[in-house]
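First residue of the sequence shown? That's 643 in our numbering, and the numbers climb one at a time after it. Glycine included, each C-beta is placed from N, C-alpha and C at the ideal position.
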Amino acid sequence: MSYIFANTKQFTGDTTFYRFGPHPELVILGIVIDTAEKYCLVVLYAIINTIIRNLDHNIIAPYITLNVQNINSPNNDIKDIPKQYEVSIINTIYSWFDWLIYINMLLAQVDMFLLELTTDVIAIYFVTGWYIKNRTAMQAETNEANEANLVSTTFVSH
643 MSYIFANTKQ
653 FTGDTTFYRF
663 GPHPELVILG
673 IVIDTAEKYC
683 LVVLYAIINT
693 IIRNLDHNII
703 APYITLNVQN
713 INSPNNDIKD
723 IPKQYEVSII
733 NTIYSWFDWL
743 IYINMLLAQV
753 DMFLLELTTD
763 VIAIYFVTGW
773 YIKNRTAMQA
783 ETNEANEANL
793 VSTTFVSH
């Protein structure tokens, strides 16, 4: 639908969103991205920030939810409170700055959107793979421990 609107004569003269690469009208946070060097820096920033964003959303945010904000958490050690405040506050500050930059990049030009989408999908693929691998390894260790416990319990009872 968006493609149809972009290629309709009524809209084509008004939009710079459907362009690719550096362009004098590509502006992100007030900075004109009109050279290949600036464009490469934006692409590099987007890739690195996508990795950081995925770590934040898939590791740090769940840690805050399950350990810091969970009053029923078994890990309620008082000595860890300063670290919990630091992690929570830094996460909040990062999230706001990331949102501001992210929304400016996404709305600047379609290639920025496609770049963010692609790097986000690649990053979440690796994060999900890491979780699955570790969950499988933990399940195998638990099964081995249960089997060892069952064997020792059976041996003792006879």
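In the structure shown, I764 adopts helical secondary structure according to DSSP, grouped into three states. The C-beta separation of V763 from N700 comes to about 13 Å, leaving the pair out of contact by the 8 Å criterion. DSSP places I675 outside both helix and strand once states are collapsed to three, so it counts as coil.
A direct Cα-to-Cα measurement between P664 and C682 gives close to 9 Å.
T692 counts as buried, since no fewer than 16 other beta carbons sit within 10 angstroms of its beta carbon. Beta bridge pairing from DSSP links V669 with V674. Contact between V752 and Y660 is confirmed by a C-beta separation of about 5 Å, below the 8 Å threshold. Between N733 and A703, the C-beta spacing is below 8 Å. Under the three-state reduction of DSSP, R661 is assigned to coil, being neither helix nor strand.
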